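For reference, the structure discussed in these notes is given below.
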Amino acid sequence: MIRFLFSFLTALLVALPVWAGLDVQMVTSPGGIKAWLVEEKSIPFVALEIGFKGGTSLDLPEKRGATYMMSGLLEEGAGNLDATAFQKTLESLAASFKFDAHDDALTVSAQFLTENSDQAVELLRKALQEPRFDQVAVDRVRAQIISIIAGDKKDPNEIAANEFSHLAFGNHPYGTPSTGSADSLNQMTRKDLVTAYKNAMALDRVFVAAVGDISAEDLGVMLDRLLGKLPATGGAMPPKAELHLTGGVTVIDLPTPQSVAVFGHAGIKRDDPDFFPAFVMNQVFGAGGFTSRLTEEVREKRGLTYGIYTYMASYDLADMYRGSVASGNDRIAEALDVVRAEWAKLAANGVTDDELTAAKTYLTGAYPLRFDGNARIAGILMNMQLDGLPVSYLTSRNEMVNAVTREDIARVAKRLMQPDNLRIVVVGQPVGVTSTD
Amino acid sequence: MRKVLVTLGLFLVLPFSVNATESVTTFKLANGMDAVVIEDHRAPVVTHMVWYRIGAADEAPGKSGIAHLFEHLMFKGTARFGPGVFSDTVAANGGSENAFTSYDYTGYYQRIATDRLELMMEMESDRMRGLTLSEEDVRTERDVVLEERNSRTDNNPGALFAEQRMAALYLNHHYGIPIIGWRHEVEQLNREDAFAFYRKYYAPNNAILVVAGDVDPENVKAFAQKYYGAVAPTEGLLPRSRPIEPPQIAPRRLSYSDLRVAQPYMIRSYLAPERNPGDQTEAAALQILAELLGGSGLTSVLGEQLVLKQKVALQSAAFYDGMSLDQSGFGVFVVPAEGVSLRDGEDALDAVIADFLKKGVDAAHLERIKAQMKASEIYALDDLEGTARRYGEGLTSGLTIQDIEDWPNILQSITAEDVMAAAKRVFDKKKSVTGWLMRDDAEEKQ
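So the protein sequences, as listed, match chains X and A.
Under this note's numbering, the residue at position 377 of the first sequence is numbered 1162, and the numbers go up by one with no gaps.
Under this note's numbering, the residue at position 434 of the second sequence is numbered 436, and the numbers go up by one with no gaps.
Below, the structure written as structure tokens:
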């Protein structure tokens, strides 16, 4: 069966650039703004993605949460429109704008109809260039975020993830929640938000992808309108984050029936020659789905969890190899024992030929299937740019997956998988698991 | 500002008459299996789904959770394709797969390159009747489901609160029982329960095939006849008949306290009619009512009054989903601002609803909502899986293809008078449950 399927997939890969319709045009606007464009005229709308590198890591000391809060305020009034008028106009145009800020980027996802694209772009221009940060909106959004922070402090998943990040990165922005704290938000002034805006949204860090019913020429004109008046430069990027993780267990008591564990240690850089072997190795080990080792051992064989996964946590300023599992308080110890044993086994023995073949066929076959829908394609193209990948990656990516050998994985498994350095954070009331430090 | 917006609205209505059309073909196999084919030739990808007209609300008393547990067991292998082979095959072809269980349906799907469709149909049709299950399979998977219940519900006070509210909203109908099942009943489910359930309900005459993507309907039909057509139906399977609600004559209130609650809030749910075949106007009016009242953060009636003007709420919303075989619910929701009690939040909500019932619908607002609904048909063309799901849900919720296709036009036909008439009927506290989620009982002195 597998052999037959494999030959089929080879055929599919060759066909990729044609069928995915991924004729990616490199557009430069008259004003010099670059974008990746896929023209797709069958549906009369455009999906536009704009990413500003830096994100919440640009928060100034003592102003943690400023960028996140600022991004939430971009849709709360701009130019001559207060928050209500802005929203009503957006609704009338049947367009959608989403603003988001995470560790490494501030992102804008817009969808608008061809027939009123001029008006939609004008509204988005206001949000990007003339946000108002009205005090009444600032206060409203502040209260909403403080409520989110309070919720996160009682959510076992958030507590575990935040504690893990804090152990890993201490006082670097990666080490604290992007939302900031109630204290930092209560002291946040309109001036702080304007500073965060100027630091985050500048032309020296912007990336654009557009997919849909628009020509290269029209896109160029649109980009100059949308972004042309933003400042040329923004805030200084923070330094590389030093990883402080050590091996051991941290238990945080929370009266809840199921313990949530986050585990991991140092990872591998995106541009390291061993990144692809590590990526394929992770597919075998814990990437999720029904075919990974951890799912097989922890869920399928023992019924200890509903979900367990690992991933290459690649940030701009640091790299980790991380995972998560949740099991009843009386069963989490067994689940973690299995994780540790599998960790050591992979480091010692690598993967089998069958596992490698299955991982490659899955990864190479699944990749083209991601490109369905204008909005999804635009998102992928923008993330590629944020990650510093060239457009040729669309075709070379599968070649790099296929080039990975068992020996590569054996080497990278020895280097990456360090059972003794594994830090495990458990939130709940686990039986038989105690803090080691 | 308002004046400008009204003109904008009028201006927009014309261009929106450009219609978004889906290319849909339907057929029925001799053994009773229905099929829907939705064409989209942008990429050689296909979504293959089989929907069963069986859900959590069809479970026998004492067997809650069996429909959902069974969904898990469907991945355990058949005599022909052993344990894990189906999933491995999907993965080896770069596909993705999953399954879902609701009150009214259970569904399975794969998303894969178009030329693997036949293989998917072969394997999916094989497990419609051919499943083999060991005691061990059932025991282990039951543990997985109990951990799923932990993750989704028992670790989440908001989900526990929702379970209690649903149980109170339905006096007799099984929508009052959680889809994942009550823990004490799930713990007792066994292989015998699973097989009895499987033999009866997993049959072509209880199933709907939905294929969406780069396909030729004639080819799909030929494959469907070859694979699904060969599966024997369950003889004497009757249309679903469930316990129905008695007249609801008393408003219900409940409060749930849990130390894990960070943010108290209140929700009220009213029993509400669902979309019915040939009769969807009331549901469409309720859908628009939900949008008007609470479909957006600041511009909806609740958001404007409670969040923006009175500042008594951090957040408010109204929600309604008419896609349901039996009576659905219409909900309103308030998260009180700092320093505002649940009591005051609820009173403010009631005052806004009373005021809305008196004053009626703002014409420009209705126009905006309809424009968005019209445009959503265009955006929906970019989401093939969503479209496939809409047909599967509709057909398992008792609607016909015609009903599903008529729905956008019915929404556009709704008038302000329709909305107000529906609002007056649905806002009847005797048919409602009001719930407060709190940190501890002492917090709210009434």
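Quick reminder that beta carbons are idealized off the backbone N, C-alpha and C, glycines included.
Everything numeric in this text was worked out from a predicted model, so none of it was measured.
When the five nearest sequence neighbours on each side are left out, the beta carbons in the same chain lying within less than 6 Å of the beta carbon of GLU126/A are those of VAL52, in order along the chain. Taking VAL993/X as reference, the option from GLY817/X, GLU834/X, GLN1203/X with the minimal CA-CA separation is GLU834/X. Residues of the region 366-389 of chain A with a Cβ closer than 9 Å to any Cβ of chain X, in chain order: ALA366, HIS367, GLU369, ARG370, ILE371, ALA373, GLN374, MET375, LYS376, ALA377, SER378, ILE380, TYR381, LEU383, ASP384, ASP385, LEU386, GLU387.
Residues of chain A with a Cβ closer than 8 Å to the Cβ of GLY1158/X are, in chain order, ASP384, ASP385, LEU386.
Within a 10 Å sphere around the beta-carbon of HIS367/A sit 16 or more other beta-carbons, which makes this residue buried.
Buried is the label assigned to ILE40/A, since at least 16 other Cβ atoms lie within 10 Å of its Cβ. In this structure, the CA atom of GLY1005/X is about 38 Å from the CA atom of MET1105/X. Assignment of SER330/A by DSSP, reduced to helix, strand and coil, places it in the strand class. Annotation: TYR272/A to VAL334/A spans about 9 Å, alpha carbon to alpha carbon.
In the displayed model, THR1035/X falls within a strand according to three-state DSSP. Sorting GLU237/A, VAL336/A, ALA170/A, ALA62/A by C-alpha distance to the C-alpha of MET440/A places VAL336/A at the top. ARG345/A and PHE163/A have their C-alpha atoms some 18 Å from each other.
One finds nothing in chain A with a Cβ atom closer than 8 Å to the Cβ of GLU847/X; even the nearest lies about 23 Å away.
At a cut-off of 8 Å between beta carbons, THR964/X makes no contact with chain A. Spanning the alpha carbons of ALA274/A and LEU1207/X requires a straight line of approximately 52 Å.
With 16 or more other Cβ atoms from the protein chains shown falling within 10 Å of its own Cβ, GLU369/A counts as buried. Residues of chain X with a Cβ closer than 8 Å to the Cβ of GLU41/A do not exist; the shortest Cβ-Cβ separation is about 12 Å. VAL1110/X sits in a strand when the DSSP states are folded into three classes.
Across the region 815-836 of chain X, CB contacts with chain A closer than 9 Å involve GLU825, SER827, ILE828, PRO829, PHE830, ALA832, in sequence order along the chain.
Just so you know, the alpha carbons of MET1167/X and TRP821/X end up roughly 8 Å apart. Taking C-beta atoms under 8 Å as the contact rule, ARG185/A and LEU148/A qualify, at a distance of about 7 Å.
Taking 8 Å as the threshold, the shortest C-beta distance from LEU119/A to chain X does not fall below it. As a beta-bridge residue in DSSP terms, ASP867/X pairs with GLY862/X. Within the region 1109-1133 of chain X, contact with chain A at the beta-carbon level (separation under 7 Å) is assigned to ALA1111, SER1112, GLY1113. When Cβ pairs closer than 8 Å are counted between the two stretches, the region 1012-1032 of chain X is seen to touch the region 952-965 of chain X, the count reaching three or more. Chain A has no Cβ within less than 8 Å of the Cβ of PHE949/X. The beta strand (DSSP E) runs of length 3 or more contained entirely in the region 101-184 of chain A are, from start to end of the chain, 108-115. Contact holds between the region 977-992 of chain X and the region 835-847 of chain X, because three or more Cβ pairs, one in each stretch, are under 8 Å apart. Within chain X, the residues ALA928 have their CB atoms less than 7 Å from the CB of GLU340/A, given in chain order.
DSSP links PHE830/X through a beta bridge to LEU898/X. Between THR874/X and the set ALA886/X, GLU861/X, GLU1085/X, the nearest pair of CA atoms involves GLU861/X. Judged by beta-carbon spacing, ASP442/A lies within the 8 Å limit of SER259/A, meaning their Cβ atoms are closer than that value. The beta strand (DSSP E) runs of length 3 or more contained entirely in the region 1129-1180 of chain X do not exist; there are none. Distance between GLY1033/X and ASP1205/X, taken at the CA atoms: about 8 Å.
ARG242/A has a beta carbon lying at 8 Å or more from every beta carbon in chain X.
In the three-state reduction of the DSSP assignment, ILE933/X falls in the helix class.
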